[in-house]
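Taking it in order: structure first as structure tokens, then the write-up.
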Amino acid sequence: MSTPPFKPGPPYDEQQAPYEPVPRVTSGPLDGTPQPANFEKDKQFYSAAYPVHMTHSSGLLSRCEPMLTPQLLVSRYLKGIPLAFPNGDSYSAEDIKDQIVLAMNEIELMCKITLSREQFTDKVPFDIALYKSFIFLKTEQNPVLAVQSVQIVSSDGYAVFKIPPEWLEPSNFSKGIVNVVPILGAYSVASGGGVGAYGGIPYLNVFSSLTFVPGFWQIVYQTGVSKVEGQFPVVINDLIGTIASINMLSAITNMFLQTSQSLSRDGISQSSSGPGPRMYLPYIEMLEKKRDTLIAKVKATFATKFLISNI
Amino acid sequence: MRLTSVPIINFSNINDFQETSQWTIRSSDPNTLYFQLFDLDNTISTQAPFSALNGGFFNAAIQTYPQRFIAGVGISNQPVSLKVTFPSLNIGNTLAYTATPDPNDASVWSFNLPGYANVGSGPSSGNVIFSLTQGINTYTWTVQNMLAVEMTNQGCC
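See the structure below:
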């Protein structure tokens, strides 16, 4: 009896349809479909992802660590707080781990970044003003770690023209900005890799008279907040922990129903009062302020907020 | 049948080990990692089926606990093999190891990780994927954030 093939499930399966053109374009220089990610070969800046543009580290200060663990989250944000409910429910380590995953997904949406290293493919419009500014291209996801290719690709996946990797300026990748700086001086002296077999440089000239073409440039790139997979900047973990703590404390604090209680019998009475549902509210409000500040700083570090052009 | 894995630390023998929520390692050091298989749909309680999220979610609030799963029981479940995969965006960096069962309890498995000189070439922190083949059937599941890998130089990443 033969052993069935190993069946790895998503998320790391090699991508298949639906985005690949049908029928698929033949392989070779005409194939404009994204290739599997290869971080060792893709174009990137010779610096760390965080701190941005750091080229060497003394190692004296810890700025990166693995994904936040339940133990670390409780140690940093929830010490002294019983993670339990009146009916006997409680947050187990696995529950907290799930809250961490929820917070991470929330951050990716709010900050417009990807926390783990992922590959994306964008179709960026042709804009004559940006074209004249060394083909200023803004990716949809941030921050860019490496670029596999910048090509002009038809809607059915044919590669018409590929920008040579040597022309890609990587210093602004951290802001999601890809510039094309042809260090050879001009397109006219380009040869080899810069010319697609389906059209090449003459094809580019056709578009120089236009002002706007949607879905013109295809950028295949990798994003993430760390060049080492599975590692995160401490400030990102700080944000993850803050959001997860807010979510858990918000559920717990509502369980404190009574603000005052009294008991009397015959001539004896006893009474007590407490904050009730406001039990953890001051701490939650402090964490919310911290969350908002961190989100603004993360977006400023890893993304570009505005893009101005003449369309 | 939905299987899951629970990481084990401080394994001495089948009667002496501790369950934990994740392995924490340093990729430069060689490690032997242990884990135990559980069947999320086979609980010791007659209550509703075990509430599981993402293939590996133990909820202490629910007073049930899934039973351990012993792989390869019966002739139809032979041969048996188990692969542990640490995924990566780079296909070349996706690492797969073959685990071996404990001779005294086939619900406990282990595999050896070599030390990696470069943190980028070792397994990464995050999810771990398991694939158990019994006879002609293969069962695959993912355990969230099962591995944490510490770097030596934590100054940048």
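As they're listed, the protein sequences go chains A and B. For the first sequence, our numbering gives the first residue as 82, with consecutive numbering after it. For the second sequence, our numbering gives the first residue as 800, with consecutive numbering after it. The beta carbon of each residue, even a glycine, is placed where N, CA and C say it ideally should be. Everything numeric in this text was worked out from a predicted model, so none of it was measured.
Query                                                                                                                                                                              : Result
Mind pulling the chain A residues with CB within less than 9 Å of B:Gly871?                                                                                                        : Residues of chain A passing the Cβ test: none, with the nearest at roughly 13 Å.
For the segment 939 to 946 of chain B and the segment 816 to 823 of chain B, state whether three or more C-beta atom pairs, one from each stretch, are separated by less than 8 Å. : yes
List, in order along the chain, the chain A residues whose C-beta lies closer than 7 Å to that of B:Gln817?                                                                        : Those do not exist, as B:Gln817 stays about 13 Å from chain A at its closest Cβ, beyond 7 Å.
Could you have a look at A:Thr382 and say whether DSSP puts it in helix, strand or coil?                                                                                           : helix
Since B:Val918 is in the alpha helix (DSSP H), which residue starts that stretch and which ends it?                                                                                : Segment: none, B:Val918 is in no alpha helix (DSSP H) and carries neither H nor E.
Are the C-beta of B:Thr921 and some C-beta of chain A separated by less than 7 Å?                                                                                                  : The residue you asked about is not Thr; residue 921 of chain B is Gly in the sequence shown. Answer no: the Cβ-Cβ gap between B:Gly921 and chain A never drops below 7 Å.
Under 8 Å: do the segment 229 to 244 of chain A and the segment 106 to 124 of chain A share three or more Cβ pairs, one atom per stretch?                                          : yes
Taking A:Val315 as the reference, give the member of A:Lys219, A:Cys145, A:Ser128, A:Asn335 with the closest Cα.                                                                   : A:Cys145
Should the segment 372 to 384 of chain A be called in touch with the segment 351 to 358 of chain A, which here means at least 3 C-beta pairs below 8 Å?                            : no
Per the contact definition of three or more C-beta pairs closer than 8 Å, is the segment 137 to 155 of chain A in contact with the segment 119 to 127 of chain A?                  : no
Residue ranges of each beta strand (DSSP E) run of no fewer than 3 residues wholly in the segment 316 to 353 of chain A, ordered along the chain?                                  : 341 to 346
Can you find a CB in chain A that lies within less than 7 Å of the CB of B:Val918?                                                                                                 : yes
Using C-beta distances below 6 Å, list every residue in its chain close to A:Asp203, excluding the 5 sequence neighbours before and after it, in chain order.                      : Thr220, Glu221, Ile300
Between B:Val805 and chain A, is there a C-beta pair that is closer than 7 Å?                                                                                                      : no
Closer than 7 Å, CB to CB, is A:Lys256 near chain B or not?                                                                                                                        : no
Does the beta-carbon of A:Tyr127 have 16 or more other beta-carbons within 10 angstroms, so that it is buried, or is it exposed?                                                   : exposed
Strictly under 7 Å for the Cβ-Cβ distance: is A:Ser156 near chain B by that measure?                                                                                               : no
So, are the CB atoms of B:Ser804 and B:Gly921 less than 7 Å apart?                                                                                                                 : no
Whole angstroms is fine: what's the gap from A:Gly305's alpha carbon to B:Ser811's?                                                                                                : 39 Å
Across which residues does DSSP place B:Thr941 in a beta bridge pair?                                                                                                              : B:Ile928
Let me confirm a value: A:Leu330 is counted as buried when at least 16 other C-beta atoms fall within 10 Å, else exposed. Which label applies?                                     : buried
Quick one: what's got a C-beta closer than 6 Å to B:Arg801's C-beta in the same chain, skipping five residues either side?                                                         : Leu839, Asp840
Could you tell me which chain A residues have their CB closer than 7 Å to the CB of B:Ala947, listed as they occur along the chain?                                                : Pro147, Met148, Thr150
Under 8 Å, CB to CB, which of the residues in the segment 108 to 126 of chain A have a partner in chain B?                                                                         : Pro117, Ala118, Asn119, Phe120, Glu121
Among A:Pro363, A:Ile365, A:Ile333, which residue has its Cα nearest to the Cα of A:Phe166?                                                                                        : A:Ile333
Which bits of chain B does A:Glu187 rub up against, with CB to CB less than 9 Å?                                                                                                   : Correct list: empty, because the minimum Cβ distance to chain B is about 16 Å.
Would the segment 899 to 907 of chain B and the segment 869 to 882 of chain B be scored as touching if the rule is three or more Cβ pairs under 8 Å?                               : yes
Report, in whole angstroms, the separation of the C-beta atoms of B:Val918 and A:Val309, which I expect to be a contact under 8 Å.                                                 : 6 Å
Does the beta carbon of B:Asn944 sit closer than 7 Å to a beta carbon anywhere in chain A?                                                                                         : yes
Alpha carbons only, please: which of B:Gly954, B:Glu949, B:Gly934 is nearest the one belonging to B:Ser875?                                                                        : B:Gly934
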